[in-house]
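S.K.: The structure follows.
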Amino acid sequence: MLNVKQRKQRTFDDLASVDDVIELLKTEFRTRPLRVKYSLEGSEVQINEYLDDKSLMMITDPDFRPDDDTIVIYGLLDKYIEIDLQVVETRGPGYFHCRIRSVRKAKTGRRDLRFKSGPGEVVTTNFRVSKHTIDVSGLIVPTGIKVILDQFQTQNSKLSDIVKVGVFDTEDVVLKLIKKTGKTFYVEDAANPESYRAVTEDFIDLKEFLGDDFSRYIKKVVERGYKSIIACPLIYITESEQSFPFAYIQLISKSENFSMDKLLDVKGMTFKLVERIRDANTLTIPVHQQVVDISRGGAKIMITDDNLKKYLIRARGFIFDIVFKLQAPITIYGEIRYTNVDDDGNMFIGVDFAGNSSRKGEMKRFYSIIKPMELEYKSRLLKDLKKRKKADGEA
1 MLNVKQRKQR TFDDLASVDD VIELLKTEFR TRPLRVKYSL EGSEVQINEY LDDKSLMMIT
61 DPDFRPDDDT IVIYGLLDKY IEIDLQVVET RGPGYFHCRI RSVRKAKTGR RDLRFKSGPG
121 EVVTTNFRVS KHTIDVSGLI VPTGIKVILD QFQTQNSKLS DIVKVGVFDT EDVVLKLIKK
181 TGKTFYVEDA ANPESYRAVT EDFIDLKEFL GDDFSRYIKK VVERGYKSII ACPLIYITES
241 EQSFPFAYIQ LISKSENFSM DKLLDVKGMT FKLVERIRDA NTLTIPVHQQ VVDISRGGAK
301 IMITDDNLKK YLIRARGFIF DIVFKLQAPI TIYGEIRYTN VDDDGNMFIG VDFAGNSSRK
361 GEMKRFYSII KPMELEYKSR LLKDLKKRKK ADGEA
């Protein structure tokens with residue numbers, strides 16, 4: 001039995017009636033394959049008989065066992081077709097009397113031909129995974145990362161009269177605004193209202209944001225003896241190139257006005273600190289894992305390494321190398337669409353190729369390898385189709 005977790009749901013249109021579905025099965029899938037969904041072996045399905053009460057007899061792998069009373073089968077025309085069958089009776093191993101419960105047709109077609117790869121033909125390795133998940137909300141930041149922030153604050157405590165490095169767990173109005181916008185807050189002269197205006201669109205204009213409360217904010221800042229303020233967000237960029245502010249560096253001076261050069265220095269520190277966090281939060285696992293099937297746009301990978309399973313089960317995606325037999329590795333980012341776990345504890349993950357490495361020509365090389373494999377696979381499909389038609393004709 002598979003434990004399936006679908007990360008992204010396919011968008012479907014429902015077909016009109018059971019009669020339409022039966023006609024579709026009789027005409028379009030007479031020579032095209034139907035398969036059992038969530039079957040690791042991709043068990044093929046044959047409709048053995050259509051009965052007068054609009055039910056049908058279905059034959060598949062003798063070892064297949066349905067989940068409760070439902071079997072989901074699928075096929076591919078111009079678009080993906082999915083059919084839910086209700087098991088009326090099990091007539092024998094892999095032999096079922098079924099009724100059509102519901103049918104769905106994908107609104108968009110599958111982008112690329114996906115074909116199976118043999119053992120060792122295509123493998124994955126050098127998985128770069130995050131040890132911990134940094135929550136976009138900023139409420140869940142791993143302890144190890146907080147330790148790095150605390151160390152950085154201690155090491156740079158002499159940068160100004162007040163130095164704060166932390167996550168956005170404060171009710172401070174400016175820090176909340178930085179978290180929301182990802183912009184920098186810079187005030188050269190805290191007593192001058194004009195200093196609170198945005199230098200460029202990358203800066204916060206506090207006067208515009210606070211409105212009537214702006215004068216009270218200045219009064220509070222001056223009463224505390226603040227002369228100048230810099231607050232910069234730490235922007236974390238995920239492997240899928242999504243960015244979000246999760247922490248900040250704040251300098252407050254009671255003795256001098258910060259120059260633009262000081263601001264640029266602090267901005268440079270944020271970049272170095274984020275890289276330090278990324279390095280500490282990234283683990284490379286160099287094991288080889290088999291690619292079950294692959295296309296131009298994605299792949300299904302069998303994960304047998306226990307350490308890798310632990311990180312991938314909660315990951316949104318990961319960077320890894322694809323290695324075709326006798327070819328140099330190609331670095332790709334994969335976004336996880338679904339995960340399966342079989343009875344033996346093997347994990348199967350479906351990934352979309354959402355990005356590639358910065359090395360020039362990587363994807364071009366990938367496509368140049370995939371293209372002849374696609375042509376060979378299509379040739380085999382055509383041969384199988386001709387054999388099926390010939391067998392039907394003789395029957």
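Residue numbers (my numbering): 1 to 395.
Cβ coordinates follow ideal geometry from the N, Cα and C atoms, glycine included.
1. Kindly indicate if chain D contains any beta-carbon less than 8 angstroms away from that of residue 268.
2. Indicate the three-state DSSP secondary structure (helix, strand or coil) for residue 315 in the structure shown.
3. If we count Cβ pairs, one from each stretch, closer than 8 angstroms, do we get three or more for the region 209-220 versus the region 252-264?
4. Check each candidate in 130, 50 and 76 and name the one with the smallest Cα separation from residue 280.
5. Report, in whole angstroms, the separation of the C-beta atoms of residue 300 and residue 334, which I expect to be a contact under 8 angstroms.
6. Are three or more beta carbon pairs between the region 202-215 and the region 276-292 nearer than 8 angstroms?
7. Looking only at its own chain, which residues have a Cβ that is under 8 angstroms from the Cβ of residue 176, when we skip the five neighbours before and after it?
8. Nearest to residue 24 by alpha carbon, out of 104, 93, 92 and 69?
9. Looking at C-beta atoms only, is the number of pairs between the region 361-381 and the region 303-316 that lie closer than 8 angstroms three or more?
10. Since I believe residue 124 is in contact with residue 289 (beta carbons under 8 angstroms), could you give me their beta-carbon distance rounded to a whole number of angstroms?
11. Answer yes or no: do residue 49 and residue 35 have a C-beta to C-beta separation smaller than 8 angstroms?
12. Quick check: the Cα distance between residue 75 and residue 30, rounded to an integer number of angstroms?
13. Please report the Cβ distance between residue 266 and residue 230, rounded to the nearest whole angstrom; I am assuming they are in contact, meaning their Cβ atoms lie under 8 angstroms.
14. Kindly give me the distance between the Cβ atoms of residue 180 and residue 202, rounded to whole angstroms, as I take these residues to be in contact under 8 angstroms.
15. Looking only at its chain, what residues have a beta carbon closer than 7 angstroms to the beta carbon of residue 159, apart from the 5 residues adjacent to it on each side?
16. Helix, strand or coil for residue 375, going by three-state DSSP, please let me know.
17. Check this for me: beta carbons of residue 282 and residue 128, under 8 angstroms apart or not?
18. Starting from the C-beta of residue 164, find all residues in its chain whose C-beta is less than 6 angstroms away, skip the five residues before and the five after it, and write them out in chain order.
19. Drop a sphere of 10 angstroms on the beta-carbon of residue 119, count the other beta-carbons inside from all chains shown, and report buried for 16 or more, exposed for fewer.
20. At the level of alpha carbons, what is the spacing between residue 271 and residue 186?
21. Quick one: give me the first and last residue of the alpha helix (DSSP H) that residue 248 is part of.
22. Cα separation between residue 67 and residue 274?
23. Go ahead and pull the three-state DSSP assignment for residue 141.
24. Keeping to the same chain, check which residues put their C-beta closer than 8 angstroms to that of residue 398; ignore five residues upstream and five downstream.
25. Suppose you measure from the CA of residue 109 to the CA of residue 82; what does that come to, to the nearest Å?
M.R.: The answer reads as follows:
1. No chain D is part of this structure, which consists of one protein chain only.
2. Coil, per DSSP.
3. With the rule of 3 Cβ pairs closer than 8 angstroms, the region 209-220 does not count as touching the region 252-264.
4. Checked all of 130, 50 and 76; the closest Cα to residue 280 is 130.
5. Taking the Cβ atoms as the reference, residue 300 lies roughly 11 angstroms from residue 334, outside the contact range of under 8 angstroms.
6. Fewer than three pairs of CB atoms, one per stretch, sit closer than 8 angstroms, so the region 202-215 makes no contact with the region 276-292.
7. Cβ within range, chain order: 168 and 170.
8. When each option's Cα is compared against that of residue 24, the closest is 104.
9. The region 361-381, when compared against the region 303-316, does not touch it at the 8 angstroms Cβ threshold.
10. Contact holds; Cβ gap of about 5 angstroms.
11. For residue 49 and residue 35, no; Cβs fall outside 8 angstroms.
12. If I take the Cα positions, the gap works out to 11 angstroms.
13. Residue 266 to residue 230, Cβ: 5 angstroms. Contact.
14. The Cβ separation is near 14 angstroms, so there is no contact.
15. The answer, listed in chain order, is 251.
16. Here residue 375 carries a helix assignment [DSSP, helix/strand/coil].
17. In terms of Cβ geometry, residue 282 and residue 128 form a close pair [threshold 8 angstroms].
18. Contacts found: 250.
19. Counting the other Cβ atoms within 10 Å of the Cβ of residue 119 gives fewer than 16, which makes it exposed.
20. Taking the straight line joining both Cα atoms gives about 17 angstroms.
21. Following the DSSP letters along the chain, one finds residue 248 in no alpha helix (DSSP H) but inside the beta strand (DSSP E) bounded by residues 243-253.
22. Near 47 angstroms, if we compare the C-alpha coordinates of residue 274 and residue 67.
23. Residue 141 falls in the coil class under three-state DSSP.
24. Nothing about residue 398 can be reported from this structure: the residues present for the chain run from 1 to 395 only.
25. Confidence at residue 109 is low in this model, with a pLDDT of 41, below 50, so its placement is unreliable and no value can be given for it.
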